[in-house]
Amino acid sequence: MFDPEILRMFFQMALAAGLGLFIGFEREYKGKAAGMRTYALVCMGAALFTILSVEAFQQFGTGIQDPARVAAQVVVGIGFIGAGLIFVQRGSVHGLTTAAGLWAVAAVGMTVGVQMYSLAIFSAVLVLLVLWALRKVEGKIRKHDDDYDPI
(Lines of atoms letter the chains of each structure in order from A and count residues from 1; the text may use other names and numbers.)
(Lines give C-alpha, C1' and ligand atoms only; values in the text may rest on other atoms or scores of the structure.)
Protein backbone atom coordinates (compact mmCIF):
# COMPACT_ATOMS: atom_id res chain seq x y z
CA MET A 1 0.00 0.00 0.00
CA PHE A 2 2.67 2.53 1.05
CA ASP A 3 6.14 2.78 -0.34
CA PRO A 4 8.63 1.63 2.35
CA GLU A 5 10.63 4.84 1.84
CA ILE A 6 7.56 6.94 2.59
CA LEU A 7 6.85 4.88 5.72
CA ARG A 8 10.45 5.40 6.83
CA MET A 9 10.08 9.17 6.42
CA PHE A 10 6.79 9.11 8.34
CA PHE A 11 8.56 7.18 11.11
CA GLN A 12 11.40 9.72 11.12
CA MET A 13 8.98 12.61 11.51
CA ALA A 14 7.05 10.83 14.27
CA LEU A 15 10.28 10.00 16.11
CA ALA A 16 11.49 13.61 15.81
CA ALA A 17 8.15 14.86 17.14
CA GLY A 18 8.30 12.41 20.04
CA LEU A 19 11.86 13.29 20.99
CA GLY A 20 11.08 17.01 20.78
CA LEU A 21 8.04 16.54 23.01
CA PHE A 22 10.13 14.46 25.41
CA ILE A 23 12.69 17.25 25.83
CA GLY A 24 10.12 20.05 25.68
CA PHE A 25 8.14 18.52 28.53
CA GLU A 26 10.81 19.57 31.04
CA ARG A 27 10.75 23.16 29.76
CA GLU A 28 6.94 23.21 29.76
CA TYR A 29 6.86 21.84 33.31
CA LYS A 30 9.24 24.60 34.44
CA GLY A 31 7.01 27.23 32.81
CA LYS A 32 9.56 28.37 30.24
CA ALA A 33 8.60 30.35 27.13
CA ALA A 34 9.52 27.53 24.75
CA GLY A 35 7.83 24.30 25.75
CA MET A 36 6.56 21.08 24.25
CA ARG A 37 5.13 22.53 21.04
CA THR A 38 8.19 24.63 20.30
CA TYR A 39 10.64 21.82 20.96
CA ALA A 40 8.59 19.34 18.91
CA LEU A 41 8.31 21.77 16.00
CA VAL A 42 12.03 22.58 16.02
CA CYS A 43 12.95 18.89 16.16
CA MET A 44 10.49 18.01 13.38
CA GLY A 45 11.55 20.95 11.22
CA ALA A 46 15.23 20.08 11.54
CA ALA A 47 14.46 16.44 10.69
CA LEU A 48 12.36 17.44 7.69
CA PHE A 49 14.98 19.82 6.29
CA THR A 50 17.60 17.11 6.72
CA ILE A 51 15.43 14.44 5.08
CA LEU A 52 14.65 16.78 2.19
CA SER A 53 18.30 17.66 1.63
CA VAL A 54 19.42 14.02 1.69
CA GLU A 55 16.55 12.78 -0.49
CA ALA A 56 16.86 15.63 -3.01
CA PHE A 57 20.58 15.01 -3.31
CA GLN A 58 20.06 11.28 -3.88
CA GLN A 59 17.07 11.54 -6.22
CA PHE A 60 17.96 14.53 -8.35
CA GLY A 61 21.71 14.82 -8.02
CA THR A 62 21.71 18.11 -9.89
CA GLY A 63 19.59 20.06 -7.41
CA ILE A 64 21.42 20.22 -4.11
CA GLN A 65 25.10 19.58 -4.71
CA ASP A 66 25.93 19.23 -1.05
CA PRO A 67 23.25 18.18 1.46
CA ALA A 68 25.45 19.48 4.29
CA ARG A 69 24.68 23.03 3.14
CA VAL A 70 21.06 22.63 4.18
CA ALA A 71 22.17 21.28 7.56
CA ALA A 72 24.41 24.31 8.03
CA GLN A 73 21.51 26.63 7.31
CA VAL A 74 19.32 24.82 9.85
CA VAL A 75 21.98 25.49 12.48
CA VAL A 76 22.09 29.18 11.49
CA GLY A 77 18.30 29.46 11.56
CA ILE A 78 18.07 27.92 15.01
CA GLY A 79 20.80 30.30 16.12
CA PHE A 80 18.61 33.25 15.14
CA ILE A 81 15.62 31.80 17.00
CA GLY A 82 17.80 31.18 20.05
CA ALA A 83 19.27 34.68 19.94
CA GLY A 84 15.76 36.09 20.07
CA LEU A 85 15.11 34.20 23.29
CA ILE A 86 18.11 35.54 25.21
CA PHE A 87 17.77 38.79 27.15
CA VAL A 88 19.30 40.54 30.16
CA GLN A 89 17.06 41.93 32.88
CA ARG A 90 18.33 43.58 36.07
CA GLY A 91 21.80 42.20 35.49
CA SER A 92 20.60 38.62 35.04
CA VAL A 93 20.67 36.64 31.78
CA HIS A 94 17.43 34.88 30.82
CA GLY A 95 16.67 32.41 28.04
CA LEU A 96 20.17 31.07 27.56
CA THR A 97 19.32 27.51 28.58
CA THR A 98 16.17 27.54 26.46
CA ALA A 99 18.15 28.77 23.44
CA ALA A 100 20.80 26.10 23.98
CA GLY A 101 18.08 23.47 24.41
CA LEU A 102 16.48 24.45 21.08
CA TRP A 103 19.89 24.27 19.42
CA ALA A 104 20.43 20.79 20.88
CA VAL A 105 16.94 19.58 19.93
CA ALA A 106 17.55 20.75 16.35
CA ALA A 107 20.67 18.58 16.32
CA VAL A 108 18.56 15.66 17.59
CA GLY A 109 16.12 16.25 14.73
CA MET A 110 18.92 16.37 12.19
CA THR A 111 20.28 13.12 13.61
CA VAL A 112 16.87 11.51 13.07
CA GLY A 113 16.89 12.95 9.55
CA VAL A 114 20.06 11.04 8.65
CA GLN A 115 18.65 7.83 10.21
CA MET A 116 21.02 7.69 13.18
CA TYR A 117 18.19 6.68 15.50
CA SER A 118 20.23 5.28 18.40
CA LEU A 119 22.34 8.43 18.57
CA ALA A 120 19.22 10.61 18.38
CA ILE A 121 17.50 8.79 21.23
CA PHE A 122 20.65 8.75 23.37
CA SER A 123 21.20 12.46 22.70
CA ALA A 124 17.61 13.33 23.60
CA VAL A 125 17.93 11.48 26.90
CA LEU A 126 21.24 13.22 27.57
CA VAL A 127 19.78 16.66 26.79
CA LEU A 128 16.90 15.98 29.17
CA LEU A 129 19.29 14.84 31.90
CA VAL A 130 21.38 17.98 31.49
CA LEU A 131 18.27 20.18 31.69
CA TRP A 132 16.81 18.35 34.67
CA ALA A 133 19.70 17.04 36.77
CA LEU A 134 22.12 19.92 36.38
CA ARG A 135 19.43 22.40 37.44
CA LYS A 136 19.49 20.74 40.86
CA VAL A 137 23.30 20.79 41.01
CA GLU A 138 23.43 24.46 39.98
CA GLY A 139 20.90 25.33 42.68
CA LYS A 140 23.08 23.74 45.34
CA ILE A 141 26.19 25.51 44.07
CA ARG A 142 24.44 28.89 44.11
CA LYS A 143 23.33 28.38 47.72
CA HIS A 144 26.97 27.99 48.78
CA ASP A 145 28.44 30.75 46.63
CA ASP A 146 27.84 34.25 48.01
CA ASP A 147 29.80 35.79 45.13
CA TYR A 148 27.66 34.12 42.45
CA ASP A 149 27.38 36.29 39.33
CA PRO A 150 24.65 35.09 36.91
CA ILE A 151 26.37 36.77 33.94
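Residue numbers for the sequence shown follow this note's numbering, so the first one is 124 and each next one is one higher.
All residues carry an ideal CB built from backbone N, CA and C; glycine is no exception.
Tell me, to the nearest whole angstrom, how far the beta carbon of residue i is from that of residue j; I am working on the premise that it is less than 8 Å.
{"i": "A229", "j": "V199", "result": "Contact doesn't hold; Cβ gap of about 11 Å is too wide."}
Excluding five sequence neighbours on each side, which residues of the same chain lie with their C-beta closer than 7 Å to the C-beta of residue i?
{"i": "L251", "result": "F145, I146 and E149"}
{"i": "E151", "result": "G158 and M159"}
Is the Cβ-Cβ distance between residue i and residue j less than 8 Å?
{"i": "L208", "j": "A157", "result": "yes"}
{"i": "Y82", "j": "L171", "result": "Nothing can be reported for residue 82: it is not among the residues displayed for the chain, which extend from 124 to 274."}
Whose CA, out of the options, lies closest to the CA of residue i?
{"i": "G141", "options": "M132, M159 and A195", "result": "M159"}
{"i": "R258", "options": "A139, D126, L130 and K153", "result": "K153"}
{"i": "G224", "options": "M239, R192, I201 and P127", "result": "I201"}
{"i": "A279", "options": "L130, K263 and A243", "result": "Absent from the model: residue 279. The displayed extent of the chain is 124 to 274, so no value can be given."}
{"i": "T220", "options": "V253, R213 and A191", "result": "V253"}
{"i": "M174", "options": "V211, S215, L130 and V216", "result": "Note on identity: in this sequence residue 174 is Ile, with Met being the wrong assignment. If we check each option's Cα against that of I174, L130 comes out closest."}
If I measure Cβ to Cβ from residue i and keep anything under 8 Å in the same chain, skipping five residues before and after, which residues do I get?
{"i": "F203", "result": "none"}
{"i": "V231", "result": "A139, L142, G143, I146, C166, A169, A243, S246, A247 and V250"}
Open item on the list: Would you call the segment 151-170 in contact with the segment 230-243, where contact means no fewer than 3 C-beta pairs closer than 8 Å?
Closed with: yes
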